[in-house]
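In my numbering, the protein residues as written are 512 to 845.
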Ligand SMILES: [Zn+2]
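Structure (structure tokens):
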């Protein structure tokens, strides 16, 4: 499988291919981009191309080296993730020491660091030393979806490749190849641009289940029936603040898409271009219960709430305040 067959990001593919053809390989690179760009596959493909037994400037995907790199069992390509919230000091010490050893069987030794923004300042400083004096055969690829989380001194020593969100036609093509039918593809490609970060790991059924849960929350919110219970229940079930924020972010994104559709349907009931086409009938019904002004107010409030929850410690208090402010009759009906 050649590099050109990787999913999306053609510009990056040609940059990587030209590195390989000209044999000018940067010692340290940052692959920065949204989750759906699948930067890990690109990093693996590049590692395979540098160690493939059959091809010179590309990878075959079927030789012993390619297969072992894919499985993560190739001794000279190390894929690391933070142990816990951050990379542990011992992990960085290991890389620093290992950096001086020659490759065991491969041509190049590669270190791929997932979530590299999770290097603490101390770790980054230790890590900087090897970025300054890398061994000739070694290559570091730092993966991140949060480029700002990396120290400027680290960034300035790396070649930064910025990945983009895949385009809608690319997403559709990918989903059809994965076996989804056209109806599913329409729903997913509509939703994905706005809110699906891990498109490649997407599970259609679980997404549909999530949307159905989100629709229940929205329904209660708009009809002002028992929304406190639902949101607070969600909060207490999620276990940790971090999990709740993740869940809530997803909830806000999905609800915003539903709200956007309700606005469109309020203006034109027959509109066929709404995002949640499979919920059309329910959304038309709901649109009777809310004005455009209130919808806009709700979208804005939910975004503010999400921002405040991320900043503030007491999500429960913020949730209650949000519900109170929304159910208060301060917004005039149109
Ligand atoms: Zn190969």
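C-beta atoms are modelled at their ideal positions from N, C-alpha and C, and glycine is treated no differently.
All values derive from a computational prediction rather than experimental measurement.
First and last residue of the beta strand (DSSP E) that includes residue i?
i: residue 650; result: 649 to 655
i: residue 758; result: Here residue 758 belongs to no beta strand (DSSP E); instead the alpha helix (DSSP H) covers 752 to 778.
i: residue 623; result: 620 to 624
Tell me the rounded alpha-carbon separation between residue i and residue j.
i: residue 622; j: residue 655; result: 14 Å
i: residue 772; j: residue 675; result: 26 Å
i: residue 588; j: residue 620; result: 6 Å
i: residue 576; j: residue 513; result: 15 Å
i: residue 721; j: residue 765; result: 9 Å
i: residue 786; j: residue 755; result: 25 Å
i: residue 555; j: residue 809; result: 43 Å
i: residue 705; j: residue 794; result: Because residue 705 sits at a pLDDT of 44, beneath the cut-off of 50, its placement in the model cannot be relied upon, and the following sentence gives the value as read from the coordinates. Looking at the two C-alpha atoms, the distance is approximately 19 Å.
i: residue 598; j: residue 592; result: 7 Å
i: residue 524; j: residue 660; result: 25 Å
i: residue 774; j: residue 677; result: 27 Å
i: residue 777; j: residue 803; result: 8 Å
i: residue 733; j: residue 805; result: 9 Å
i: residue 648; j: residue 680; result: 39 Å
i: residue 834; j: residue 671; result: 43 Å
i: residue 826; j: residue 572; result: 48 Å
i: residue 782; j: residue 657; result: 37 Å
i: residue 811; j: residue 586; result: 51 Å
i: residue 801; j: residue 830; result: 21 Å
i: residue 685; j: residue 540; result: 27 Å
i: residue 779; j: residue 798; result: 11 Å
i: residue 559; j: residue 521; result: 18 Å
i: residue 725; j: residue 667; result: 42 Å
Using a Cβ-Cβ cut-off of 8 Å, state whether residue i counts as contacting chain B.
i: residue 835; result: This model lacks chain B altogether; it includes just one protein chain.
Return yes when the C-beta of residue i is under 7 Å from any heavy atom of ligand 1, and no when it is not.
i: residue 616; result: no
i: residue 787; result: no
i: residue 585; result: no
i: residue 570; result: yes
i: residue 573; result: yes
i: residue 564; result: yes
i: residue 855; result: A query on residue 855 cannot be resolved here, the shown segment of the chain reaching from 512 to 845 and no further.
i: residue 576; result: yes
i: residue 559; result: yes
For the alpha helix (DSSP H) that contains residue i, what are its first and last residues?
i: residue 815; result: 803 to 822
i: residue 794; result: 791 to 798
i: residue 638; result: 632 to 643
i: residue 716; result: 715 to 734
i: residue 747; result: 738 to 748
Please list the segments of the beta strand (DSSP E) lying wholly inside the stretch 650 to 690, counting only runs of 3 or more residues, in order along the chain.
The qualifying runs are 670 to 673.
At what residue ranges does the stretch 530 to 564 contain a whole run of the alpha helix (DSSP H), taking only runs of 4 or more?
Within the stretch 530 to 564, complete alpha helix (DSSP H) segments of at least 4 residues are found at 550 to 562, given in chain order.
Threshold first: 4 residues or longer. Then list the alpha helix (DSSP H) segments lying entirely within the stretch 568 to 610, N to C.
Counting whole runs of 4 or more residues, the stretch 568 to 610 contains the alpha helix (DSSP H) stretches 575 to 582, 600 to 609.
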